[in-house]
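Peer 1:
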Amino acid sequence: MDLWPYYPNVIMVSVGLLMGRPVDKIRVLIANHPIMVPDIVRRLVDEQDDMEVVGDCRGPMKILQETGRANADAVILIQEGEREPGICSQLLAVYPDLVVMSIDRDLTAGFTLRLCQHRREFSNMNAENIVQPLRAAIKIGC
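Add 3 to the 1-based position in the sequence shown for the numbering used here, that's all there is to it.
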């Protein structure tokens, strides 16, 4: 049996396991947001060469549906105070490869969360560098 046709796939899987899964553009869904924040977040994501906004929505059921429909790599949620948004566990249960980013309303602190139970906290943020933790969570992996 000639295995040559399978080698490129094996190489991609290996690279994906070592460096996070390979993606051309990080597909971002903006969800569960106050009115002013999504415009800022959308603009910041749109300015990134390796990211694209694939939609925005509100409400738990709509977020779950849109995440699958848009084939999102990441969902950005706005958190109330220091509480983790309740939808996080449901999103990760349904979409195990997803990265959830939760940020406070000021866009100054938050966290990324993956099913692999690796939580990366960040703080001292500003509106211009809020996408860095999201990029790291997608590209580096667990």
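All C-beta atoms, glycine included, are put in the ideal place defined by N, C-alpha and C.
Roughly how far, in whole angstroms, is the beta-carbon of L32 from the beta-carbon of V78, given that I think they are within contact range, below 8 Å?
Peer 2: Indeed they touch by this definition, with Cβ atoms about 5 Å apart.
Peer 1: Quick check: what's the CA-CA separation for R138 versus M64?
Peer 2: 26 Å
Peer 1: Is L137 helix, strand or coil by DSSP?
Peer 2: helix
Peer 1: Starting from the Cα of I2, find the closest Cα among C119, T70, N35 and A75 and give me that residue.
Peer 2: Absent from the structure is residue 2, since the part of the chain shown begins at 4 and ends at 145.
Peer 1: Do M104 and L116 count as a contact pair if the criterion is CB distance below 9 Å?
Peer 2: Cβ distance < 9 Å, so L116 and M104 count as in contact.
Peer 1: Would you call the CB atoms of A34 and R61 closer than 9 Å?
Peer 2: yes
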